[in-house]
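Here's the structure we're looking at; comments come further down.
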Amino acid sequence: MNCLPCYLKRVSGLSVCVTSRTGWKSYLSDCSTRITGRQSEVSHSNLYLTAFSTIVIKEIDRFTRIWLQTIIPPAISMALYFLIFGNLIGTRIGQMQGFTYVQFIAPGLIMMSIINNSYANVVSSFFGAKFQRHIEEMLVAPIPNIIILAGYIVGGIARGLLVGIVVTIVALFFTKLDIHSFAITIGVVVLSCILFSLGGFINAVFARKFDDISIIPTFILTPLIYLGGVFYSIDLLPDFWQNASKLNPILYIVNAFRYGIIGISDINIVSAFLIIILFIIILFSVCLYLLNTGKGIRS
4 MNCLPCYLKR VSGLSVCVTS RTGWKSYLSD CSTRITGRQS EVSHSNLYLT AFSTIVIKEI
64 DRFTRIWLQT IIPPAISMAL YFLIFGNLIG TRIGQMQGFT YVQFIAPGLI MMSIINNSYA
124 NVVSSFFGAK FQRHIEEMLV APIPNIIILA GYIVGGIARG LLVGIVVTIV ALFFTKLDIH
184 SFAITIGVVV LSCILFSLGG FINAVFARKF DDISIIPTFI LTPLIYLGGV FYSIDLLPDF
244 WQNASKLNPI LYIVNAFRYG IIGISDINIV SAFLIIILFI IILFSVCLYL LNTGKGIRS
């Protein structure tokens, strides 16, 4: 039968026997080191979780506190789109791919609101933090940059989802929507919110004044949305413009979401998801690079 010291040596993984005073000191020191290491890991995990949740709560509190500016305007704008394009003009256009025109454009209009608001939330919030210089408090805190980025992304997702739900409720007053695939619908919404939250983050990093945060939405984002198949099917376009439209990433987002809602799409769904994920990886890498190097932030 093994003695207790030898047993302790075997189960503790020590390279020394604990029969002597020196052995016992080594054993206790080893145990203390292991406990301290585990406590340090737990402490860091709690720190990161606290930092992440604080950023997310701050972001959600920011846009819900001013809901008259962040939630209501998109709902009113989309109601006008449904009224004018859906009911008034749509009755003259007729059906699109077996659906009424208002049913056809409803997914695109909902996604338009989601894209704009997830983008706007991050670009305005991060630029405001940079402009008021309290972003420096987060940058000097002992938390990884990926935690900061993730907090802002989740804030953008939260606003995009909330606005999407409100606009969907508005859409139900004008048409009937039966979800074709719940998984695809939710997947596209979340991925789209992530993508445009990252885009808004990059815009905020390079912005030098408040006017700069509206340049990308005005001159790039809005044209891409309107040319992304929100109001029409690309099957109606000549071959050249069909191929040109496929260079627009928003076309894949709108069609994937439309497939999730009413079951039709001009684009292969697998290709759409791959394109969206590819753009997310690219923009995520750019955002982390900007945070790690401090370009446009620390200067």
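Whatever position you read off the sequence shown (first residue = 1), add 3 for the numbering used here.
Beta carbons: idealized from backbone N, C-alpha and C, even for Gly.
With 16 other CB atoms within 10 Å as the buried threshold, where does residue i fall?
{"i": "residue 286", "result": "buried"}
{"i": "residue 269", "result": "buried"}
{"i": "residue 296", "result": "exposed"}
{"i": "residue 154", "result": "buried"}
{"i": "residue 176", "result": "exposed"}
{"i": "residue 191", "result": "buried"}
{"i": "residue 255", "result": "buried"}
{"i": "residue 185", "result": "exposed"}
{"i": "residue 56", "result": "exposed"}
Just to confirm the assignment, what range does the alpha helix (DSSP H) spanning residue i have?
{"i": "residue 142", "result": "138-142"}
{"i": "residue 227", "result": "225-229"}
{"i": "residue 215", "result": "From DSSP, residue 215 is part of no alpha helix (DSSP H); its letter is neither H nor E."}
{"i": "residue 234", "result": "Here residue 234 belongs to no alpha helix (DSSP H), and DSSP marks it neither H nor E."}
{"i": "residue 303", "result": "No statement about residue 303 is possible, as the shown extent of the chain runs from 4 to 302 and does not include it."}
{"i": "residue 206", "result": "185-209"}
{"i": "residue 76", "result": "75-84"}
DSSP state of residue i, grouped into three classes?
{"i": "residue 177", "result": "coil"}
{"i": "residue 222", "result": "helix"}
{"i": "residue 100", "result": "coil"}
{"i": "residue 133", "result": "helix"}
{"i": "residue 107", "result": "helix"}
{"i": "residue 31", "result": "A caution first: residue 31 carries a pLDDT of 48, below 50, which makes its placement in the model too unreliable to give a value."}
{"i": "residue 250", "result": "coil"}
{"i": "residue 277", "result": "helix"}
{"i": "residue 90", "result": "helix"}
{"i": "residue 271", "result": "coil"}
{"i": "residue 61", "result": "helix"}
{"i": "residue 297", "result": "coil"}
{"i": "residue 21", "result": "Caution applies to residue 21, whose pLDDT of 47 falls short of 50 and renders its modelled position unreliable; the model cannot decide the point."}
{"i": "residue 69", "result": "coil"}
{"i": "residue 266", "result": "coil"}
Can you tell me which of the options puts its alpha carbon nearest to the alpha carbon of residue i?
{"i": "residue 198", "options": "51, 122, 176", "result": "122"}
{"i": "residue 252", "options": "265, 177, 230", "result": "230"}
{"i": "residue 208", "options": "136, 265, 178, 267", "result": "136"}
{"i": "residue 89", "options": "150, 173, 215", "result": "173"}
{"i": "residue 158", "options": "146, 291, 61", "result": "61"}
{"i": "residue 59", "options": "223, 48, 87, 124", "result": "124"}
{"i": "residue 73", "options": "206, 170, 99, 97", "result": "170"}
{"i": "residue 50", "options": "80, 151, 75", "result": "151"}
{"i": "residue 289", "options": "148, 130, 77, 106", "result": "148"}
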